[in-house]
Each structure stands twice: as structure tokens, then as C-alpha cells.
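Okay, structure first, notes after.
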Amino acid sequence: MTQSERKSGLFVVPGDRLGVIEEFTSGPGTYVEGGTIHSKVTGCTLLDMLNKQVSVYPLVKAATVPHVGSIVTGLVLDVKSKNAVLRIFQIGDKMLSGFFKGMLHISGVSHGYVDNMFNVCKSGDIMRAKVISTENRSFFLSTADKDLGVIYALCSLCGHVLQPGNRGMGCSKCGNFERRKLSPDYGKDTTHKGEQIES
0 MTQSERKSGL FVVPGDRLGV IEEFTSGPGT YVEGGTIHSK VTGCTLLDML
50 NKQVSVYPLV KAATVPHVGS IVTGLVLDVK SKNAVLRIFQ IGDKMLSGFF
100 KGMLHISGVS HGYVDNMFNV CKSGDIMRAK VISTENRSFF LSTADKDLGV
150 IYALCSLCGH VLQPGNRGMG CSKCGNFERR KLSPDYGKDT THKGEQIES
């Protein structure tokens, strides 16, 4: 918040910057990241100038929003050489009524070296990832943990479901082979098999 905005009753959304820890302590509905206090929920600010505390009280109780540490599932919308954009539709086991967009950068894919994102995922894949930052109202993701990665993928040539094999991800229909960063749970959760998610 700017100097002129430092008052109670301001409408904020998750990720909004509220102040720094040198000025305020973090109250209910907020979290600290990199020395900066952010809103955790959609709601209104309450500044306690006596105790130097900033809080946010939710307008909608128990709204489901990804936060740092959340395990999310999403549809890969777009892939570039260094990043991929996901449409998050599930947090943990909870399906969402709306969507959030997440960004997976190549540096967050694995603990080892990854040459390009096209060997990690492709548009139309379903991925499981962890939220590592919510800075600037954006959800930054990682698949570095061993249980994260692609859980459902289709052949980029014919659209048939890919199966893991010794040479990579194989298509039994057209014989195409592709690479992915797979979750050990690949193919186990078929809840979203064939589900159409509008981009």
C-alpha cells in the first residue's frame, strides 16, 4: 500500500502488497514473503496503528485460493522454451468452481538440468505441481519434487493417450515417442480423462 492507502477498509485480493515487516506485523489473513506482507484472502484491510499490525478480513469465508505450498492440478495451456502456462482447476483434492493461471518456469521443473520445456510438458497435458510463490497476484509453480509432474498426456501427433516406456512416452496408435517430466502417479488418476477445459 502507498502512504495514501494506509487505512482500514481497503479491498484487496490474494497477493496484494500490504506493507513491509519493518513497518507492520503480519496479522490474520496475511502472509510474509521476502520481508513484504501480502494479503492471503480476498477481503478488507484492518490497520491497527497502535500495535502496528495489518490484517485482512475475508469477504467470502473459506474461499479456496492456492497459496504457497499448495499442491495443484492444472491443464497445460501453452509451452515456450523456458516456461509453461497452466490453468489450475484443482487444489489438493478439491475441484474449483473457477480457474487460476499458474506459471511453471524451467528452473522449477527439476533439481537437475533441463534443456527446454518441450521435453517437460506439452499443451493439453494435465500436470500436478506445487505453488512456490504468489508474488504480484501470480501463481508460480514447481514440479521439482519427485511426486510432481505430468499425470495425463496425449500424443501430439494423433491425440491418443501416451504410455510410459523405456524409450520415453510411447503412442500405441501411431508409434510416436515423446518426452515428459512424469509424476509417479501418471495414469493412476483418470478423473479428468477426456474432460474438456475451456482455455
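The sequence shown begins at 0 in numbering that gives the first Met the number 0 and counts up one residue at a time. Just so you know, even glycine gets a beta-carbon here, dropped at the ideal spot from N, CA and C.
Using a Cβ-Cβ cutoff of less than 8 Å, which residues in the same chain neighbour residue i once the five nearest sequence positions on both sides are dropped?
i	result
residue 11	17, 38, 41, 42, 43, 44, 55
residue 183	145, 146
residue 82	102, 103, 104, 105, 116
residue 51	22, 23, 24
residue 194	Model confidence at residue 194 stands at a pLDDT of 43, short of 50, so the residue's coordinates are unreliable; what they give is reported in the following sentence. Within the same chain, residue 194 has no close Cβ partners at all.
Give the DSSP-derived three-state secondary structure of residue i in the structure shown.
i	result
residue 116	helix
residue 87	strand
residue 106	helix
residue 166	coil
residue 177	strand
residue 134	helix
residue 80	coil
residue 121	coil
Looking at the strands, I want to know which residues DSSP matches up with residue i.
i	result
residue 128	71
residue 154	According to DSSP, which records beta bridges pairwise, residue 154 is partnered with nothing at all.
With 16 as the cutoff for other CB atoms within 10 Å, does residue i come out buried or exposed?
i	result
residue 162	exposed
residue 138	buried
residue 126	buried
residue 53	buried
residue 119	buried
residue 36	buried
residue 79	exposed
residue 19	exposed
residue 180	buried
residue 74	buried
Enumerate in chain order the residues of its own chain whose CB-to-CB distance from residue i is below 6 Å, with the five nearest sequence positions on each side excluded.
i	result
residue 57	40, 42
residue 8	43
State yes or no: is the beta carbon of residue i nearer than 8 Å to at least one beta carbon in chain B?
i	result
residue 177	Among the protein chains of the structure shown there is no chain B, as only one such chain exists.
Please work out which residues of its chain come closer than 7 Å, Cβ to Cβ, to residue i, disregarding the five sequence neighbours upstream and downstream, and give them in chain order.
i	result
residue 93	63
residue 167	176, 177, 178
Counting only runs of 4+ residues fully inside the segment 4-58, write out the alpha helix (DSSP H) ranges in chain order. none
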